[in-house]
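J.:
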């Protein structure tokens, strides 16, 4: 009788634990996506992507990834996809419904080998917020902003064939961030050295000596790595 009671208690504890975990996961997921109405709302999801050439996505297929919330809660093994055109991280439930992650709760997102953060940035004296891929971390953090443009269909003109609507990848932008301050877009070599003002002369000489260009990703990684480490 005692043995049966003990087994019953253990079974009851396990069931309660599993139920509690399910409830916690369910509650946690509420922090990661919005209501089902958001699934079809917003500029990025008003288009039928399947009929448009090109892609709006960083990764076309969902990949298992990891989400860290602003409260430092980590959820792994989550099917994720970055919609660059809409600037939204999409989450796929078991029902195959797609939702956007709630940006206000996102600290960082890992999709495959890429890590993204949602951060404020400054461009042409205007502030905005966007997802960025983290290329290099340190005193200065190097960020990459992907861009996809949607081009409307164009009717036929004299001597010109009609052009279908399409998604086209635009040249990515590179930004530098210091801590929690907004990221600054790198627009020129001179402006880059101004951002890295405490080592302005050293950085300028390093760029000139090694013939580094700010439009080349490998070059700009070398520049920021030199700024951070002196190597």
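In my numbering, the protein residues as written are 8 to 238. We put the CB at the ideal spot given by N, CA and C, even for glycine. Here the structure is a predicted model, which is why all the values come from computation and not from measurement.
Identify every run of the beta strand (DSSP E) within the segment 72-118, keeping only runs that are complete inside it and at least 3 residues long; order them along the chain.
T.: Complete beta strand (DSSP E) runs here, min 3: 81-90, 95-99, 105-107 and 113-118.
J.: With three or more C-beta pairs closer than 8 Å as the rule, is the segment 221-236 touching the segment 196-208?
T.: Contact holds: three or more Cβ-Cβ distances are below 8 Å.
J.: Does DSSP classify residue 221 as helix, strand or coil?
T.: Position 214 of the chain shown holds residue 221. Looking at residue 221 - three-state DSSP - the assignment turns out to be coil, as it is neither helix nor strand.
J.: What does residue 183 pair with, by DSSP beta-bridge criteria?
T.: Mapped onto the chain shown, residue 183 falls at position 176. Per DSSP, 149 and 191.
J.: Could you check if residue 55 is buried or exposed, using at least 16 other CB atoms within 10 Å of its CB as the buried criterion?
T.: For the purposes of this step, residue 55 is taken as the residue at position 48 of the chain shown. Looking at its Cβ environment, which holds fewer than 16 other Cβ atoms inside 10 Å, residue 55 is exposed.
J.: When you compare only the Cα positions, how much space is there between residue 75 and residue 215?
T.: The count along the chain shown starts at 1 and reaches residue 75 at position 68. The count along the chain shown starts at 1 and reaches residue 215 at position 208. So the two alpha carbons sit approximately 39 Å from each other.
J.: What span of residues does the alpha helix (DSSP H) with residue 199 cover, start to end?
T.: Counting from 1 along the chain shown, the entry for residue 199 is found at position 192. Run containing residue 199: 196-202, per the alpha helix (DSSP H) assignment.
J.: What does DSSP give as the partner residues of residue 214 in its beta bridges?
T.: Looking up residue 214 in the chain shown gives position 207. In the DSSP output, where bridge partners are listed per residue, residue 214 has none listed.
J.: Report the rounded CA-to-CA distance for residue 193 versus residue 180, giving the unit in angstroms.
T.: Position 186 of the chain shown holds residue 193. Position 173 of the chain shown holds residue 180. Cα to Cα, residue 193 sits roughly 7 Å from residue 180.
J.: For residue 149 and residue 183, which I take to be in contact (beta-carbon distance under 8 Å), what is that distance rounded to the nearest angstrom?
T.: Position 142 of the chain shown, counted from the start, is the residue given in the question as residue 149. Position 176 of the chain shown, counted from the start, is the residue given in the question as residue 183. About 6 Å; that satisfies the 8 Å criterion.
J.: Look at residue 175 and residue 159 and say whether their C-beta atoms are less than 8 Å apart.
T.: For the purposes of this step, residue 175 is identified with residue 168 of the chain shown, where counting begins at 1. For the purposes of this step, residue 159 is identified with residue 152 of the chain shown, where counting begins at 1. Not in contact: residue 175 and residue 159 (Cβ atoms no closer than 8 Å).
J.: Please name the residue or residues paired with residue 124 in a DSSP beta bridge.
T.: Along the chain shown, read from residue 1 onward, the residue named residue 124 stands at position 117. 139.
J.: Alpha carbon to alpha carbon, how far is residue 67 from residue 173? Give it in angstroms, no decimals.
T.: As a position in the chain shown, residue 173 is number 166, starting the count at 1. As a position in the chain shown, residue 67 is number 60, starting the count at 1. Whole-angstrom Cα-Cα distance: 15 Å.
J.: State whether the segment 109-129 contacts the segment 74-89, with contact taken as three or more CB pairs (one from each stretch) at a distance under 8 Å.
T.: Touching, per the Cβ criterion.
J.: For residue 187, would you say it is in contact with chain D, using Cβ-to-Cβ distances shorter than 8 Å as the test?
T.: Within the model displayed, chain D is absent; a lone protein chain is all it includes.
J.: Check whether the Cβ atoms of residue 121 and residue 128 lie closer than 8 Å to each other.
T.: Along the chain shown, read from residue 1 onward, the residue named residue 121 stands at position 114. Along the chain shown, read from residue 1 onward, the residue named residue 128 stands at position 121. It is not a contact, given that the beta carbons lie outside the stated cut-off.
J.: Considering only their Cβ atoms, is the gap separating residue 118 from residue 143 smaller than 8 Å?
T.: Walking along the chain shown from the start, residue 143 turns up at place 136. Walking along the chain shown from the start, residue 118 turns up at place 111. For residue 143 and residue 118, no; Cβs fall outside 8 Å.
J.: Comparing C-alpha positions only, which one of 78, 92, 93 and 84 sits nearest to residue 99?
T.: The residue labelled residue 99 in the question sits at position 92 within the chain shown. Ranking 78, 92, 93 and 84 by Cα distance to residue 99 puts 84 first.
J.: Report the rounded CA-to-CA distance for residue 209 versus residue 197, giving the unit in angstroms.
T.: As a first step, residue 209 must be located in the chain shown, where it is residue number 202. As a first step, residue 197 must be located in the chain shown, where it is residue number 190. Using only the alpha carbons, I get a separation of about 13 Å.
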